[in-house]
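Protein sequences appear in the order of chains B and F.
The first sequence begins at 38 in my numbering and counts up one residue at a time.
The second sequence begins at -8 in my numbering and counts up one residue at a time.
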Amino acid sequence: MLAYAVRRIVAVIPVALTVVVFVFLLLRVTPGDPAAVIAGDTANAQQIAHVRQALGLDRPIYEQFVIWAGQLARGDLGHSVFSNVPVTTLIAQRIGPTLALAVTAMLFASALAIPLGVLAAARAGSLVDRVVMLFAVLAFSLPVFWIGYALVLVFAVAWRLLPVQGYADLSQGLGPFLAHITLPGVTLGLAFMALLARVTRSAMLEVLGQDYIRTARAKGVSRAKILFVHALKNAAVPIVTTFGLGFGLLVGGAVITESVFAIPGLGRLTVDSILTKDYPVIQGLILFFAGIYVLLNLAIDLSYSLLDPRIRP
Amino acid sequence: MSTAVERDLPLRKPRRALARHGLLLAGAALLVAVALLSIFAPVIAAHDPIEMNPIERLRPPSLAHLFGTDSLGRDVFSRAVYGGRVSLTVGLGVAVLSTALGVAIGLFGGFYRRADAVIMRITDGIMAIPGILLAIALISINKPGPLTLIVAISVPEIPRVVRLVRSVVLTIREQVYVEAAIAVGAPPLRLLFRHVLPNALAPIIVQATFICAVAIIIEASLSFLGVGSPPEVPSWGNIIASGRNFVQRAPWIVIYPGAMLGLTVLAINLLGDGLRDMLDPRLARTLR
């Protein structure tokens, strides 16, 4: 177990290094002058030179990398070009709402997708199965912002059940927090729910064809117990993997959801920094999210050996 | 390929096979309809998509303005019809570009094991970055334009194609008939075109349709955030963005173009699902 864990952790290092080098090169090997593009169309030569200097683009490329990687190793993601605030501070200020949003979306998606996927697999080919799968394709086809506005129009404008937009921190009380986070959470969770339902269904179909399921049925285990205990446990690996793969989907969705609902989180920070071309902040956010992705998938890799003893080498 | 499908058909319940192909056909028909709408946009659109008419601001849908008008008095239906051109072009462009590059890189890695390790590390690295953020970063450092948009949306998709192609190549390499072909001295290019590509074609086509669907959503999302198509070029994303501040007063600006976008992506997804079930007998068997 320990050897397996160490091997998985070591395997993360080349991925992390690739991300770091890739993000570094992104700005440096782009065709044209990145300083001129970032400074904008209306910038004069002096402003372009200022941007070039602020980003360190006037030095030789190896020197740039050494300085940049050195800062990164100390946990320094650079400073915002506009406010001069450290990028790490900006991220720390904005992470709360995004975390709340992501957790709500994940909880909503899992609570619905897993039972629906199991049900669809148990009655494969039935009307229930087809309705669930059609719903999954539909949820996957609609853009996040459209779902958001449609939910706002129904639940906030027409029925006045929930606020149109905004965010309330948990410190402002559980009621306001839940009222504000529900619509964004559902908006963000729908696409992930569709993905999870499809994966659950196909993983369950695979397992339900196994001999031990037939054995369980033959010895008289109840249908519900077969589905949710025997089968679901054995379908866990692909389902858990989806949480890792779905992370990118969730981050992309959060950027848009926060924009629709005016939530002051990391997504909003991303949009603000694109509109002001604050490249160090965009770059810092990419590194931050990629880092979380790598750690999340490492945790999932390690969980496999707990979920499925056969994977433990 | 078609013979394999025909052989499989009698094993399934005929009714369900029909239903599945029904969805495929529905998807294809819907997609053709949207494509025709975009191609013949100048004929179909009753108004100039960028003509402003201050008297006709925020009018609800009517016979004169099927989808109503926006805050500048522009006809939303005409804009949505023209917007389809951007979405379909970007979707198709991304599907072609990322598939072509992904197949080339994937085949190369599958055949030359020394390059494979490096390629895998790079794809791992790119896949660790959320696709939309990578696209945003690429756009923010390049000159805006349709080509930048297509390239920026393609880059995050390429690793997925590479992985798919590589896994097919690795599976096929183990087949006895490929070993036999190698043993009798078939040159690598012959192996490639006779054995590998024909087997990889079905999953690649299916993957390309899904990439097309994702690309359309990402283009719309980028335009919605203000970094995709410029405001003077109507696209589904920026039409919806232009209606953001009027959602309560004029929901039609957001709802109808969004529904068109959703229907188009749904059509492509149905097409992809249908193709996968039709072309992949292994999966069709597990669904039986």
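Just so you know, even glycine gets a beta-carbon here, dropped at the ideal spot from N, CA and C.
Subject >> C-beta neighbour in chain F for Q90/B, strict 9 angstroms >> reply: Counted from its first residue, the first sequence places residue 90/B at position 53. No, its Cβ sits nowhere closer than 9 angstroms to a Cβ of chain F.
**OP:** May I ask you to report which of helix, strand or coil DSSP gives D248/B?
**Re:** Residue numbering aside, residue 248/B sits at position 211 when the first sequence is read from its first letter. In the structure shown, D248/B sits in a helix (DSSP, three-state: H, G or I).
**OP:** Could you list the residues in the region 58 to 83 of chain B with a C-beta less than 9 angstroms from some C-beta on chain F, going in chain order?
**Re:** When CB distances to chain F are screened at a threshold of 9 angstroms, the residues of the region 58 to 83 of chain B falling below it are V58, F59, V60, L63, L64, T67, P68, G69, P71, V74 and I75, in chain order.
Original post:
For the alpha helix (DSSP H) that P123/B lies in, which residues bound it at each end?
Top reply: Locating residue 123/B in the first sequence gives position 86, where the first residue counts as 1. Looking at the DSSP string, P123/B is not in any alpha helix (DSSP H), and its letter there is neither H nor E.
**OP:** Please classify D39/F: does DSSP put it in a helix, a strand, or coil?
**Re:** Numbered from 1 along the second sequence, position 48 holds the residue referred to as residue 39/F. In the structure shown, D39/F adopts coil according to DSSP, grouped into three states.
Original post:
Interface residues of chain B around T119/F at Cβ under 7 angstroms?
Top reply: Along the second sequence, one-based indexing puts residue 119/F at 128. Here residue 119/F turns out to be Ala, not Thr, going by the sequence shown. Listed along chain B, the residues sitting closer than 7 angstroms to A119/F by beta-carbon distance are V52, V56, A327, Y330 and V331.
Subject >> Separation of D268/F from R(-2)/F, as counted between CA atoms >> reply: Here residue -2/F corresponds to residue number 7 of the second sequence, with the count starting at 1. Here residue 268/F corresponds to residue number 277 of the second sequence, with the count starting at 1. Here the model assigns R(-2)/F a pLDDT of 44, short of 50, so the residue's position is not dependable, and the following value carries that caveat. Rounded to the nearest angstrom, the two C-alpha atoms are 14 angstroms apart.
Original post:
Where does D66/F sit, in a helix, a strand or coil, going by DSSP?
Top reply: Position 75 of the second sequence, counted from the start, is the residue given in the question as residue 66/F. Strand, per DSSP.
Subject >> CB of L138/F within 9 angstroms of CB of G75/F, strictly >> reply: In the second sequence, the residue the question calls residue 138/F occupies position 147. In the second sequence, the residue the question calls residue 75/F occupies position 84. Their beta carbons are not under 9 angstroms apart, which means L138/F does not touch G75/F by this criterion.
Original post:
Is the CB of W36/B under 9 angstroms away from at least one CB in chain F?
Top reply: Residue 36/B lies beyond the range of chain B shown here (38 to 350); nothing can be said about it.
Subject >> Best match in L312/B, P51/B and M230/B for proximity to R112/F [C-alpha to C-alpha] >> reply: Mapped onto the second sequence, residue 112/F falls at position 121. Nearest option by C-alpha distance: P51/B.
Original post:
By how many angstroms is the C-alpha of R154/F removed from the C-alpha of A76/B?
Top reply: On the first sequence, position 39 is the one that residue 76/B refers to. On the second sequence, position 163 is the one that residue 154/F refers to. About 37 angstroms.
**OP:** Kindly list, in the order they appear in chain B, the residues whose Cβ is closer than 8 angstroms to that of S131/F.
**Re:** Residue mapping note: residue 131/F aligns to position 140 of the second sequence, counting from 1. At a beta-carbon threshold of 8 angstroms, the residues of chain B lying near S131/F are V74, I75, I311, K314, Y316 and I319, ordered along the chain.
Original post:
What does A211/F touch in chain B if you count any residue whose Cβ is under 7 angstroms from its own?
Top reply: In the second sequence, the residue the question calls residue 211/F occupies position 220. Residues of chain B whose Cβ lies closer than 7 angstroms to the Cβ of A211/F are, in chain order, P180.
**OP:** Report the neighbours of S296/B on chain C: residues whose CB is nearer than 7 angstroms to its CB, in chain order.
**Re:** The structure shown contains no chain C; the protein chains it does contain are B and F.
Original post:
How would you label V140/B, buried or exposed, when you count the other beta carbons within 10 angstroms and need 16 or more for buried?
Top reply: Looking up residue 140/B in the first sequence gives position 103. With a 10 Å radius around the Cβ and a threshold of 16 neighbouring Cβ atoms, V140/B comes out exposed.
**OP:** Tell whether a beta-carbon distance below 9 angstroms holds between A232/F and G217/F.
**Re:** Within the second sequence, residue 232/F is the residue found at index 241, counting from 1. Within the second sequence, residue 217/F is the residue found at index 226, counting from 1. Contact: yes.
Original post:
Does DSSP put H116/B in a helix, in a strand, or in coil?
Top reply: Your numbering for residue 116/B matches position 79 in the first sequence. Looking at H116/B - three-state DSSP - the assignment turns out to be strand.
Original post:
Given T277/F, which residues of its chain have a CB within under 7 angstroms of its CB, disregarding the five upstream and five downstream residues?
Top reply: To locate residue 277/F, count along the second sequence from 1; it is residue 286. With a pLDDT of 43 at T277/F, under the threshold of 50, the modelled position of this residue cannot be trusted; read the value that follows with caution. So no residue of the chain qualifies.
Original post:
Is it true that the CB of I41/F sits closer than 9 angstroms to the CB of E223/F?
Top reply: Counted from its first residue, the second sequence places residue 223/F at position 232. Counted from its first residue, the second sequence places residue 41/F at position 50. Cβ atoms of E223/F and I41/F: closer than 9 angstroms.
Original post:
What did DSSP end up calling T313/B once you bin it into helix, strand or coil?
Top reply: Against the first sequence, residue 313/B aligns to sequence position 276. In the structure shown, T313/B sits in coil (DSSP, three-state: anything other than H, G, I, E or B).
Original post:
Taking Cβ-Cβ distances shorter than 7 angstroms, what residues in chain B pair up with P242/F?
Top reply: Within the second sequence, residue 242/F is the residue found at index 251, counting from 1. Within chain B, the residues whose beta carbon sits less than 7 angstroms from that of P242/F are L190, listed in sequence order.
**OP:** Evaluate contact between the region 287 to 306 of chain B and the region 99 to 106 of chain B, counting only Cβ atoms and requiring at least three cross-stretch pairs below 8 angstroms.
**Re:** Three or more Cβ pairs closer than 8 angstroms define a contact, and the region 287 to 306 of chain B falls short of that threshold against the region 99 to 106 of chain B.
Original post:
What's the C-alpha gap between D206/B and G222/B?
Top reply: Indexing the first sequence from 1 puts residue 206/B at position 169. Indexing the first sequence from 1 puts residue 222/B at position 185. Each residue's alpha carbon lies about 14 angstroms from the other.
**OP:** Look at the Cβ atom of V74/B, then the Cβ atom of V318/B, and state whether they are nearer than 9 angstroms.
**Re:** Your numbering for residue 74/B matches position 37 in the first sequence. Your numbering for residue 318/B matches position 281 in the first sequence. Against a cut-off of 9 angstroms, the Cβ pair of V318/B and V74/B comes out as no contact.
**OP:** Using a Cβ-Cβ cut-off of 9 angstroms, state whether A187/B counts as contacting chain F.
**Re:** Taking the first residue of the first sequence as 1, we reach residue 187/B at position 150. Closer than 9 angstroms to some Cβ of chain F, the Cβ of A187/B qualifies, so yes.
Original post:
From L49/F to L190/B, what distance separates their C-alpha atoms?
Top reply: As a position in the second sequence, residue 49/F is number 58, starting the count at 1. As a position in the first sequence, residue 190/B is number 153, starting the count at 1. For L49/F and L190/B, the gap between their C-alpha atoms comes out near 17 angstroms.
Original post:
alpha helix (DSSP H) containing F58/F: first to last residue?
Top reply: Sequence index remark: in the second sequence, residue 58/F carries index 67 (1-based). Counting along the chain, F58/F falls outside any alpha helix (DSSP H), and DSSP gives it neither H nor E.
Original post:
Quick one: complete alpha helix (DSSP H) runs, 4+ long, within the region 140 to 179 of chain B?
Top reply: 164 to 178, all fully within the region 140 to 179 of chain B.
Original post:
Can you tell me whether DSSP reads D345/B as helix, strand or coil?
Top reply: In the first sequence, the residue the question calls residue 345/B occupies position 308. D345/B: coil per DSSP, three-state reduction.
Subject >> Cross-chain neighbours of N260/F in chain B, by beta carbon under 8 angstroms >> reply: Stepping through the second sequence from its first residue, residue 260/F is reached at position 269. What N260/F touches in chain B: V174, F177 and S178.
Original post:
With 9 angstroms set as the bound, which would you pick, yes or no: does the beta-carbon of I98/B sit closer than that to a beta-carbon of chain F?
Top reply: Taking the first residue of the first sequence as 1, we reach residue 98/B at position 61. So no, I98/B is outside the interface.
Subject >> Interface residues of the region 261 to 290 of chain B facing chain F [CB-CB below 7 angstroms] >> reply: Going along the region 261 to 290 of chain B in chain order, one finds G285, V288 and G289 with a Cβ nearer than 7 angstroms to chain F.
**OP:** My understanding is that V109/F touches E148/F, with C-beta atoms under 8 angstroms, so please give their C-beta distance in whole angstroms.
**Re:** Here the question's residue 109/F lines up with position 118 in the second sequence. Here the question's residue 148/F lines up with position 157 in the second sequence. About 20 angstroms; that fails the 8 angstroms criterion.
Original post:
DSSP state of Q320/B, grouped into three classes?
Top reply: What you label residue 320/B is simply residue 283 of the first sequence in a count that begins at 1. The answer is helix: DSSP assigns Q320/B an H, G or I state.
Original post:
Within 9 angstroms (strictly less), CB to CB, does R157/F reach chain B?
Top reply: Here the question's residue 157/F lines up with position 166 in the second sequence. No, no contact with chain B.
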